[in-house]
Amino acid sequence: MDTTAPEAGTGPGTGADLAGTGTDALPDLADPAFWRLPDRDRAAGFAALRRLPAPARFGDGPGGGSGGGPGRGFHALVRYADVVEASRTPAVFLSEPGVTTPEPARWVRLLFGDSMVNLDDPRHARLRRVVSRAFTPRLIARVEDDIRTVATELVDRVERERPGDFVAAVAAELPFRVICTMMGIPEESRRAILDQVDHASEHTGVARPLRERIRMPGRGLRALARMQGMVAELGRERRRRPADDLISALVTADVDGRRLTGRELGAFFSLLLVAGVETTRNALAHGLHLLTSHPEQRALLLGDPDRHLGGAVDEIVRHATPIIQFRRTLAVDHRLGGPGGPLLRAGDKVVLYYGSANRDETVFTDPDAFDITRSPNPHLGYGGGGPHYCLGAHLARQEMKALYRELFTRLPEVRSIGEPVLIPSSFDHRVRSLRFTF
Ligand code: HEM
C-alpha cells in the first residue's frame with residue numbers, strides 16, 4: 024500500500040510525508056484478509072484511511088490482492104466529498120471499461136453485451152433513456168400493488184411454516200418475485216433463473232482460493248449464457264405478442280428511433296437481477312438484525328411505523344451499505360477537490376467506497392450509531408448522485424417499507440438470533456443466512 028498523496032511529476036509513493044498519522048494501523052484494502060475481518064474492524068480501518076490527507080493507493084505491489092501487479096493498483100476514495108465528486112463528474116471519472124472487480128474480460132462484454140452500469144455517455148444515456156421511459160406510472164403502480172401482495176404472502180408463509188433462515192425464506196424471495204413480476208417472467212421459468220443468478224454473481228469481488236477462482240468464472244459464464252438465452256427468447260415472444268410488462272416495454276420501446284436488442288435486453292436483465300435482488304435481499308437481512316440489536320430503535324419504529332418507516336429504511340441502507348464499492352477510471356489528469364488537491368493521472372483507477380463515505384464524521388454526527396430519526400440522512404448507499412444513480416432506489420425503498428410494515432405489525436416479536444453469517448466480499452455486504460424467530 025502507498026499512503027502518500029500522488030503529486031504531479033512524482034507518481035505514487037513520493038508525496039506528502041505521513042509520519043505521525045498512525046499509518047502503521049492502516050489496512051490494506053487489496054488484501055483479501057481485510058475483507059474477512061468483522062464489520063467493526065473494517066469500519067475502524069476505513070476511519071483511519073479517512074484521516075489521511077490524500078487517498079491511499081493499493082494493489083500495486085507483488086501479491087497485492089485483488090488489484091495486485093504493477094499498474095493495476097487503485098486509489099481508495101473513502102471520504103464523502105471525494106465519492107460525490109467522482110460520481111458527479113462522469114466526463115473525468117469514467118465507468119468504462121467496467122466498474123466491478125475483477126474487470127469483465129473484453130470478450131465477455133462483446134459476447135454478452137454491456138450493461139449500462141459499465142457504460143459512459145452517449146451510450147449510457149441512450150440506454151438509460153429507453154429503460155427509464157419503460158418505467159411508466161402504470162407499471163410502477165402495478166408493481167407497488169404487487170410488492171404489498173408478495174409481502175403479505177411471505178409473512179403468511181413465515182407464520183405457517185416457521186422457517187429458520189430469514190434470508191432464504193423472506194429477504195431473497197421478495198425482491199426476486201417483484202423483479203420477475205415487473206419484467207413478466209412466467210412462474211415456471213423463475214426457479215431456473217434464480218439458480219443461474221447465484222452462479223453468475225458468485226465470484227464478483229469475493230476473495231477465494233486460486234483453485235476456485237479458476238473454476239468459478241467458467242461456471243458463472245455458463246450460467247450467464249443460459250440466463251441470457253432464456254430472456255432473449257422471452258423478448259422475441261413479447262415482440263410478437265406484447266403484454267403489460269417491462270420486457271414488452273423494452274423490446275417495443277422506440278426512443279430516438281431505437282429499442283433494445285436481444286443482447287441488450289439480456290445484459291439489462293442480468294444487471295437487474297444482481298443489482299436489484301441481491302442488494303435488497305442484503306439490506307432486508309441487515310435491517311432485521313439492526314432492529315434486533317438496537318431495541319430502543321425498534322420500539323420507536325413499532326410505536327409509530329407511519330412516522331418512522333421511511334427514516335428506518337434509509338438508515339438501514341446507510342448503516343449496512345449493501346454495495347461496498349464501484350470503480351471509475353480517470354479520463355484525464357485531475358486534481359481531487361480542486362486546485363491544490365491530490366493529482367490523479369489519466370488512466371488511474373479509483374475505487375469509491377460507499378460504506379466509508381456513509382460513516383464520514385464530517386457529514387454524519389455519531390456515524391457509527393444506528394439512528395432511524397437521523398435527519399437529514401444524505402447517505403450514498405444508492406450511489407453518489409450523477410448519471411448512474413441507482414435506477415431502483417425508489418423500488419428498493421418501497422420493498423423494504425412494505426416488508427417491514429407487514430412483518431413488524433403482524434409479528435411484533437420477530438427478531439434475529441445471533442450474528443448474520445456473511446460471505447466475505449469486497450464488493451457487496453452479502454449475508455448468506457440469518458436465523459430468526461417470532
Ligand atoms: C437497497 C437496495 C439497493 C442498493 C443499496 C443499490 C445500490 C446501487 C448503487 C450503489 C448503484 C451505483 C450508483 C452509481 O454508480 O452512482 C446502483 C446502480 C443501479 N441500480 Fe441499484 N441498488 C439497490 C436496489 C436496486 C433495485 C431494486 C434495482 C432494480 C430496479 C436497481 C437497479 C440498479 C441499476 C439498473 C443501476 C445502474 C444504473 C446506471 O448505471 O445508470 N437497484 N445501485
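For the sequence shown, position 379 (counting from the first letter as 1) is numbered 402 according to my numbering, and the numbering increases by one without interruption. Glycine included, each C-beta is placed from N, C-alpha and C at the ideal position. Computed from a predicted model, the values in this text were never measured in an experiment.
Between the stretch 142-155 and the stretch 174-186 there are fewer than three C-beta pairs closer than 8 Å, too few to call the two in contact.
DSSP places L323 in the helix class (H, G or I) of the three-state scheme.
According to DSSP, D451 shares a beta bridge with I346. Within the same chain, A194, A343, P345, D451, H452, R453, V454 come within 8 Å of N305 by CB-CB distance, once the 5 residues on both sides are set aside. Taking a contact as a CB-CB distance under 8 Å, the pair V437 and F459 counts as one, their CB atoms being some 7 Å apart. Listed as beta-bridge partners of F459 by DSSP are S439. Distance from the C-beta of T124 to the nearest heavy atom of the ligand HEM is not below 8 Å.
Assigned with DSSP and collapsed to three states, D329 falls in helix. Note on geometry: alpha-carbon atoms of P447 and D277 lie some 42 Å from one another. A99 sits buried, since 16 or more C-beta atoms from the chains shown fall within 10 Å of its C-beta. In this structure, L313 places its C-beta atom within 9 Å of the C-beta atom of I339.
The closest heavy atom of the ligand HEM lies 8 Å or more from the beta carbon of P443. Three or more Cβ pairs closer than 8 Å define a contact, and the stretch 354-369 falls short of that threshold against the stretch 386-398.
In this model, P76 and R102 are separated by some 11 Å (Cα to Cα). Between P50 and R73, the C-beta gap is not smaller than 9 Å, which leaves the two residues out of contact. The alpha helix (DSSP H) runs lying completely inside the stretch 247-275 and spanning 4 residues or more are 269-275, given in chain order. Counting of Cβ neighbours within 10 angstroms places P145 among the exposed residues, the total staying below 16.
About 5 Å separates the beta carbons of Y377 and L403, which is inside the 8 Å limit, making them a contact pair. Here L332 has L324, K424, Y427, R428 as same chain residues with Cβ atoms under 8 Å from its own Cβ, once five neighbours each way along the sequence are excluded.
By the Cβ criterion, the stretch 248-255 is in contact with the stretch 286-295, since at least three pairs of Cβ atoms, one from each stretch, lie closer than 8 Å.
The stretch 184-213 is shown to contain whole alpha helix (DSSP H) runs of 4 or more residues at 196-206, in chain order.
Nearest to V106 by alpha-carbon distance, out of P401, F81, S439, is P401. Looking at R261, C203, G408, the one whose alpha-carbon comes closest to that of F116 is G408. With 16 or more other Cβ atoms inside 10 Å of its own Cβ, D371 counts as buried. The Cβ neighbour count for V355, taken over all protein chains shown within 10 Å, is under 16; the residue is labelled exposed.
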